[in-house]
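Be aware that the sequence shown starts at 165, since it is given in our numbering, and climbs by one per residue.
Positions of the beta carbon are idealized from the N, C-alpha and C atoms, including for glycine.
The model shown is predicted, which means the values in this text are computed figures rather than measured ones.
Report on the structure given below.
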Amino acid sequence: MAFFTAAGYPISFLVEEEGREFRVVSVYLTEKDQAAKLRALCFAANIAGTKPFCRIHHEKDWSQLWKKGWKPFALTPRIHVVPLWQESRIIPKSKIPIYLDTTNAFGTGLHETTRFSSQIIERLSGNFDTFLDVGTGSGILVIVAFLSGAKKCVGFDIDPLAVKVARQNLKANGQTCVLKVCDVKEFKPVRPFDLVAANLVSPDLIEFRDRILSFVRPGGALVVSGVSLKNIPRVVRAFKQAGHMPVNVVSGQEWAAIHFNV
Ligand SMILES: C[S@@+](CC[C@H](N)C(=O)[O-])C[C@H]1O[C@@H](n2cnc3c(N)ncnc32)[C@H](O)[C@@H]1O
Numbered sequence: 165m166a167f168f169t170a171a172g173y174p175i176s177f178l179v180e181e182e183g184r185e186f187r188v189v190s191v192y193l194t195e196k197d198q199a200a201k202l203r204a205l206c207f208a209a210n211i212a213g214t215k216p217f218c219r220i221h222h223e224k225d226w227s228q229l230w231k232k233g234w235k236p237f238a239l240t241p242r243i244h245v246v247p248l249w250q251e252s253r254i255i256p257k258s259k260i261p262i263y264l265d266t267t268n269a270f271g272t273g274l275h276e277t278t279r280f281s282s283q284i285i286e287r288l289s290g291n292f293d294t295f296l297d298v299g300t301g302s303g304i305l306v307i308v309a310f311l312s313g314a315k316k317c318v319g320f321d322i323d324p325l326a327v328k329v330a331r332q333n334l335k336a337n338g339q340t341c342v343l344k345v346c347d348v349k350e351f352k353p354v355r356p357f358d359l360v361a362a363n364l365v366s367p368d369l370i371e372f373r374d375r376i377l378s379f380v381r382p383g384g385a386l387v388v389s390g391v392s393l394k395n396i397p398r399v400v401r402a403f404k405q406a407g408h409m410p411v412n413v414v415s416g417q418e419w420a421a422i423h424f425n426v
């Protein structure tokens, strides 16, 4: 994913699927020559262990195609994600299901940035009543926050389609909250929140640091994600400069989520 985002492909064009033997990252493009250009870029980068290939899908099908291989999976130690179109699938009795359709919205839960944010939110269970999701995508983090004890949640996203999908997902999970189409540059909370999550990209987290921090009440907590491994020091430094120390960094193969006290 980091390779494609660094090459300028918006995260909303990318879908990552974790298979048993390998991981597939798909980039959905509308023109053949765009695909050929990307394929050439992948070959030129010659990343060990990767196999670039192109496939043509009919336009009307592409947003449904990636659903095929999706099965319920563990998002956190307590929560399993169940695709909405597989609602009847059985998951272990000890797990809580989240029903999710992420067609056209980021946040399947398969991506490290979402998984790590969810895990930190779950660990903070019982320590927050109000929750704000900056860049809510599919709404998955709001659903996790409710399951972790939040009484009131708000989410917003710059992408109207994401907000529409998030509303459907909240409804499918029997939850309600305020979901708005809004840019982080313009969001004005009525009052600050106990816990705020912002799964954006590092440059945005740094640029909007002070705005995002202003959404958190003093003594509250902030989870930032969408931080590639190489950007952890930059993001930590930026928040330290604003007087906030990291409490916990959860990192994986490519990405990290960082929990700050505010
Ligand atoms: C990486 S996704 C995170 C989705 C979800 N919160 C999760 O953790 O899976 C980032 C989301 O932020 C939204 N976004 C990007 N820039 C934004 C901005 N300036 N203001 C509000 N939302 C933004 C995108 O549309 C996208 O849905």
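For E418 and R203, the rounded distance between their alpha carbons: Going by the C-alpha atoms only, they are around 21 Å apart.
Next item on the list: Count the other CB atoms, across all protein chains shown, that sit within 10 Å of the CB of A212; report buried if there are 16 or more and exposed otherwise.
Entry: Label assigned to A212: exposed.
DSSP state of L325 mapped onto helix, strand, coil: Helix at L325.
Taking 8 Å as the line, does the beta carbon of L364 fall inside it for any heavy atom of ligand 1? For ligand 1, at least one heavy atom lies less than 8 Å from the Cβ of L364.
Pairwise C-alpha distance: K328 and A314: Between the alpha carbons of A314 and K328 lies a distance of about 22 Å.
Handout entry: Straight-line gap, V188 to A209 (C-alpha atoms, nearest Å)
Key = Between the alpha carbons of V188 and A209 lies a gap of roughly 17 Å.
* Asked: What does DSSP give as the partner residues of A238 in its beta bridges?
  -> Paired residues: H244.
Would the beta-carbon of F424 fall within 9 Å of that of V388? In this structure, F424 places its C-beta atom within 9 Å of the C-beta atom of V388.
In the DSSP assignment, the beta strand (DSSP E) including I260 goes from what residue to what residue?
That run of the beta strand (DSSP E) goes I260 to L264.
If you compare alpha carbons, which of R331, D358, G384 and P382 is closest to K344?
-> By alpha-carbon distance to K344, the top candidate from R331, D358, G384 and P382 is R331.
By alpha-carbon positions, which one of F207, N333 and F357 ends up nearest to G301?
Comparing alpha-carbon positions, the option among F207, N333 and F357 lying closest to G301 turns out to be N333.
Spatially closest choice to P356 from A362, S378, E371 and A170, by CA coordinates:
Measuring from the Cα of P356, the nearest candidate turns out to be S378.
Please identify the residue among S312, I284 and C346 whose C-alpha is closest to the C-alpha of P324. P324 has its Cα closest to that of C346, out of S312, I284 and C346.
Could you tell me whether the Cβ atoms of S190 and F280 are closer together than 9 Å? No, Cβ-Cβ distance for S190 and F280 is not below 9 Å.
Quiz item: By DSSP, does T214 sit in helix, in strand, or in coil?
Solution: DSSP, read as helix, strand or coil, puts T214 in coil.
Tell me whether V298, by its Cβ, gets closer than 8 Å to a heavy atom of ligand 1. Because some heavy atom of ligand 1 lies under 8 Å away, the Cβ of V298 counts as near it: yes.
Query raised in the report: Quick one, are the C-beta atoms of S241 and L264 less than 9 Å apart?
Result: One detail in the question is off: residue 241 reads as Pro in this sequence, not Ser. Cβ atoms of P241 and L264: not closer than 9 Å.
ask   = Do the CB positions of L305 and A385 come within less than 9 Å of each other?
value = Result no, Cβ atoms of L305 and A385 do not sit closer than 9 Å.
Report task. Please confirm if A420 has its CB atom under 9 Å from at least one CB of chain E. Result -> In the structure shown, chain E cannot be found, because there is only a single protein chain.
Quiz prompt | Nearest residue (CA-CA) to N363, options P261, A406, S258 and G303 | solution = With distances taken between Cα atoms, N363 lies closest to G303.
Q. Looking at the structure shown, is I285 part of a helix, part of a strand, or coil, going by DSSP?
A. Reduced to three states, the DSSP call for I285 is helix.
Residue of A199, I262 and V318 minimising C-alpha distance to A336 | For the options A199, I262 and V318, the alpha carbon positioned closest to that of A336 is the one of I262.
Taking the Cβ atom as the reference point for each residue, do L239 and T278 lie within a distance shorter than 9 Å?
Yes, Cβ-Cβ distance for L239 and T278 is below 9 Å.
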